[in-house]
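The numbering of the sequence shown is this note's numbering, which starts it at 1388 and goes up by one. Using N, Cα and C, we set each Cβ at its ideal position, and we do this for glycine too. A quick write-up on the structure given underneath.
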Amino acid sequence: MPTLLRIDSSADLTGSRSRALTDAFVEAWTARGGDHTVAVRDLHRNPLPHLSTPARHWPEQLRDGATVPDELESVQKEVVDELLAADAVVIGAPMYNYSMPATLKNWVDLIHVPGLTAPFPGAEAQPMAGRGVVLLTAQGAAYDRGTTTEHDDHVIPPLRLVLGANLGMTVHVVAASRTLADRIPALGADRAEQEFADAEAEARRLGTQL
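As structure tokens, this is what we get:
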């Protein structure tokens, strides 16, 4: 029974483009049959705690005697176990001030555990290796390759580094840019609409294949 982990992080609960893209992916995933299940984690509605102690960055055997309060340990175990149980992951990752929402960063800090989810000398496990993760991002402006703003995107590169390079997952990226075109006419409303339509179609395509 294939299980998809859906993660949303947008603070916009009514007009979010990234949530619309995760909706499209999930619709395509579930249309493949009743055995394609979905686990949902909404990081805005149910935010996770910050990384309150460096000990939480390590599995128990690498903490050098440092302790973590039981309630924090249980939260981290829950999100890590949820990730490890997923056959595929889809993440709605909007750009806020050139970076990811703080709620999504909290999730990354909890699931990136050297020696448990990522390799570390003496603990080379990489349990998520080869599993697909789809990053669905919505950006107010344009950050196309080759433009002067290309390197202003600090959402996808760190997610690609953590989930792809460190956890070994197969990363797919779908971006809907120019979402502020209704407020900044120079971005081009028609182009923004087409980019979103293309992104939605690509999200659906990936939902049929992962």
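Any idea which residues DSSP pairs residue i with across the strands?
i       : result
TYR1483 : SER1486
PHE1507 : ALA1510
VAL1560 : LEU1522
HIS1541 : SER1486
ASP1395 : ASP1429
THR1390 : THR1424
VAL1476 : LEU1392, VAL1520
Is the beta carbon of residue j closer than 8 Å to that of residue i?
i       : j       : result
ALA1562 : THR1524 : yes
VAL1549 : VAL1520 : no
GLY1479 : THR1409 : yes
LEU1497 : VAL1466 : yes
ARG1532 : ASP1474 : no
ARG1570 : ARG1578 : no
GLU1469 : LEU1392 : yes
LEU1449 : GLY1502 : yes
ARG1591 : PHE1412 : yes
MET1515 : THR1504 : yes
LEU1435 : ASP1395 : no
GLY1555 : GLN1513 : yes
GLY1594 : GLU1447 : no
THR1390 : ALA1472 : yes
MET1482 : GLY1551 : no
ASN1484 : HIS1437 : no
For residue i, does the count of other Cβ atoms within 10 angstroms reach 16, so buried, or fall short, so exposed?
i       : result
ARG1443 : buried
MET1388 : exposed
HIS1538 : exposed
ASP1540 : buried
VAL1427 : exposed
GLY1420 : exposed
PRO1572 : exposed
LEU1400 : exposed
ARG1404 : buried
PRO1456 : exposed
ALA1529 : buried
LEU1586 : This sequence places Ala at residue 1586; Leu is not what is there. So ALA1586 counts as buried.
GLU1582 : buried
ARG1432 : exposed
What are the start and end residues of the beta strand (DSSP E) that includes residue i?
i       : result
THR1424 : 1424-1429
LEU1567 : Careful: LEU1567 lies outside any beta strand (DSSP E) and carries neither H nor E.
Tell me where the alpha helix (DSSP H) around residue i begins and ends.
i       : result
LEU1522 : Here LEU1522 belongs to no alpha helix (DSSP H); instead the beta strand (DSSP E) covers 1519-1525.
GLY1594 : 1576-1596
VAL1500 : Where VAL1500 is concerned, there is no enclosing alpha helix (DSSP H), given that its DSSP letter is neither H nor E.
ARG1406 : 1404-1417
ASP1457 : 1457-1471
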